[in-house]
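Notes for the one structure printed next.
2 protein chains.
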Amino acid sequence: MNTQRAAVEILREKCVEHGLKLTPQRIAIYEAICHTTDHPSADKIFKKIKGKFPSMSFDTVNRTLLTFSAIGLLKVVEGHGDPKRFDPNLKQHHHFRCIRCNTIIDVYSRYYDSVKIPQDIQSRFTVLGKRVVLEGICKQCRKKS
Amino acid sequence: MNTQRAAVEILREKCVEHGLKLTPQRIAIYEAICHTTDHPSADKIFKKIKGKFPSMSFDTVNRTLLTFSAIGLLKVVEGHGDPKRFDPNLKQHHHFRCIRCNTIIDVYSRYYDSVKIPQDIQSRFTVLGKRVVLEGICKQCRKKS
DNA sequence: TTATTATATAGGATTAATTCTTAATTGCAA
DNA sequence: TTGCAATTAAGAATTAATCCTATATAATAA
Ligand SMILES: [Mn+2]
Ligand SMILES: [Mn+2]
Ligand SMILES: [Zn+2]
Ligand SMILES: [Zn+2]
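Chains as they are written, first to last, in the numbering used here: chain A, 758 to 902; chain B, 758 to 902.
Next comes the structure, spelled out in structure tokens:
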């Protein structure tokens, strides 16, 4: 998904860079996720691979995806799985999320409020909400490190 | 959080509007979440309430928060709980999420890419990433209804 | 090529969190 | 006040992630 180079080559480079072994499991998992565009869960990837690689365990898939995220081969994106996070603030606003402590902080910005929804997106979806989501390190977590 | 009217009044209106009973549990839960700004999980709210309302069960808190979200008293926001969702696409892009089926679809937009991070936000946080998140109903779900 | 060894894996156990089930309670309309 | 549909409490069941540990193996050097 990074470039059109073979997924294995991208994976090999990253593994060398981080001193990780290039295992058949890692190759299968990386190839599987690179063929998705639907932001799958670990379980989805596991089920997808199981047919071709029957000895694969769920734990390996889960652990490996987290490893990939740690070395920058993929990203963990906003999901609406559990535990759900609730927001009583119905005013238009935006969010900053700390990738260390997972705190979500409200961000108020007229500039962000005024960001438009392009016409082609309007025609593809029924858009009901819009928000700019920033991520990074919060003040407290910056202090700690 | 909606206005400065007493939370109970806002709640009462919504309950009448949707034919729901105004119970002490619902009042306690709504007041509790209205006093938060940290986007808590159901468990957080439960623990917060338990002291003042010892007979409250976790199930009631969880069920009630989902009810509140269904009648528009609050929103469920993007979280990074489980199950995690993985994205092998490292190119700058944005997301549309369907509130019915939870599908996350990639959105490419030069315009969204060019949205800036305001100076005052830069000084408050170390911003590492930015993305516009749209939500609404996807094509397939629109067909169904 | 073979031996060595630190790393990684499989599979099952454990933990964490939500959702379901059911019997008792209660808000509220008549 | 009464009757009853909606709501709740409590615990069971489910779902999903993480941990544990014995075995297997990729990478390296002899
Ligand atoms: Mn918020
Ligand atoms: Mn994406
Ligand atoms: Zn933080
Ligand atoms: Zn949908």
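In this text, a Cβ means the ideal position worked out from N, Cα and C, and glycines have one as well.
Interface partners of residue i on chain B, CB under 7 angstroms
i: E892/A; result: L885, G886
i: F815/A; result: Chain B residues near F815/A: none, gap ~12 angstroms exceeds 7 angstroms.
i: K807/A; result: Within 7 angstroms Cβ-Cβ: nothing; K807/A doesn't reach chain B, min ~17 angstroms.
Cα-Cα separation, residue i to residue j
i: P811/A; j: G776/A; result: 27 angstroms
i: K804/A; j: C855/B; result: 23 angstroms
i: R888/B; j: E788/A; result: 25 angstroms
i: P840/B; j: K873/B; result: 31 angstroms
i: I884/B; j: K896/A; result: Checking the displayed sequence, the identity of residue 884/B turns out to be Val instead of Ile. Answer to the nearest angstrom: the Cα atoms are 11 angstroms apart.
i: I784/A; j: L768/A; result: 7 angstroms
i: Q761/A; j: K771/B; result: With a pLDDT of 47 at Q761/A, under the threshold of 50, the predicted position of this residue should be treated as unreliable, though the coordinate-derived value follows. If you take the alpha carbons of Q761/A and K771/B, they lie about 53 angstroms apart.
i: H792/B; j: A827/B; result: 20 angstroms
i: N819/A; j: S798/A; result: 9 angstroms
i: A764/B; j: S814/A; result: 49 angstroms
i: T817/B; j: L779/B; result: 14 angstroms
i: Q794/B; j: V890/B; result: Reading the sequence as shown, one finds Thr at residue 794/B and not Gln. Roughly 20 angstroms between the two C-alpha positions.
i: K901/B; j: N859/B; result: 15 angstroms
i: C894/B; j: V773/A; result: First, the amino acid is wrong: residue 894/B is Ile here, not Cys. Roughly 43 angstroms between the two C-alpha positions.
i: R857/A; j: L823/A; result: 14 angstroms
i: T821/B; j: G808/B; result: 18 angstroms
i: S875/B; j: Y869/A; result: Just to set this straight, residue 875/B is Pro in the shown sequence, not Ser. One C-alpha to the other measures close to 9 angstroms.
i: I790/A; j: S871/A; result: 35 angstroms
i: D800/B; j: D800/A; result: 24 angstroms
i: Q879/B; j: Q879/A; result: 30 angstroms
Contact set between residue i and chain B, taken where Cβ atoms lie within less than 8 angstroms
i: V818/A; result: Chain B residues near V818/A: none, gap ~10 angstroms exceeds 8 angstroms.
i: L822/A; result: K841, F843
i: V889/A; result: V872, K887, R888, V889, V890
Among the options, nearest to residue i - alpha-carbon criterion
i: I786/A; options: H796/A, I802/A, L779/A; result: I802/A
i: E892/B; options: V818/A, E766/A, L830/A, E835/A; result: E835/A
i: H906/A; options: K900/B, Q879/B, R857/B, D844/B; result: Residue coverage of chain A in this structure runs from 758 to 902, which leaves residue 906/A outside it and unanswerable.
i: G886/A; options: T780/B, A799/B, K832/B; result: K832/B
i: R899/A; options: D877/B, E774/B, R881/B; result: R881/B
i: R867/A; options: L847/B, D877/B, Y868/B; result: D877/B
i: E766/A; options: I806/A, R857/A, L830/A, T821/A; result: L830/A
i: P781/A; options: D870/A, N859/A, I806/A, L823/A; result: I806/A
i: F825/A; options: L847/B, G808/B, V773/B, D870/B; result: L847/B
Per-residue contacts from residue i into chain A (C-beta, under 7 angstroms)
i: R899/B; result: T883
i: L779/B; result: Under the 7 angstroms cutoff, chain A gives no residues; its nearest Cβ is about 17 angstroms from L779/B.
Chain B residues whose Cβ lies nearer than 9 angstroms to that of residue i
i: L768/A; result: Ordered by position in chain B, no residue passes the 9 angstroms Cβ test against L768/A, which lies about 11 angstroms from the chain.
i: C895/A; result: R881, F882, T883
i: K832/A; result: F843, D844, P845, N846, L847, G886
i: F853/A; result: I878, R881, F882, V884
Residue i Cβ short of 8 angstroms to ligand 5 heavy atom set
i: T860/A; result: Because ligand 5 does not appear in the structure shown, any question about it cannot be addressed here, the ligands present being ligand 1, ligand 2, ligand 3 and ligand 4.
TODO: Spell out a yes or no on whether the region 838–851 of chain A and the region 863–878 of chain A are touching, meaning 3 or more CB-CB pairs, one atom from each, closer than 8 angstroms.
DONE: Remark: three or more beta-carbon pairs, one from each stretch, lie closer than 8 angstroms, so the region 838–851 of chain A and the region 863–878 of chain A are flagged as touching.
Open item on the list: At a CB distance below 9 angstroms, what residues from the region 785–804 of chain B approach chain A? Give them in sequence order.
Closed with: Listed by position along the chain: Y787, I790, C791, H792, T793, T794, D795, H796, P797, S798, A799, D800, K801, I802.
TODO: Can you give me, in chain order, the residues of the region 869–881 of chain A that have a beta carbon less than 8 angstroms from any beta carbon in chain B?
DONE: So the close ones are Y869, V872, K873, I874, P875, I878, R881.
Task: Proximal residues, the region 836–851 of chain A versus chain B, C-beta separation under 7 angstroms - done: Hits within the stretch, in order: G836, H837, G838, D839, P840, K841, R842, F843, D844, P845, N846, L847.
Open item on the list: Closer than 8 angstroms is the cut-off here; do at least three beta carbon pairs connect the region 831–847 of chain A with the region 829–845 of chain B?
Closed with: With a cut-off of 8 angstroms on Cβ pairs, the region 831–847 of chain A is in contact with the region 829–845 of chain B, counting three or more such pairs.
Task: Interfacial residues, the region 856–869 of chain B to chain A, with Cβ spacing under 9 angstroms - done: From the region 856–869 of chain B, only I856, N859, T860, I861, I862, D863, V864, S866, Y868, Y869 have a Cβ closer than 9 angstroms to chain A.
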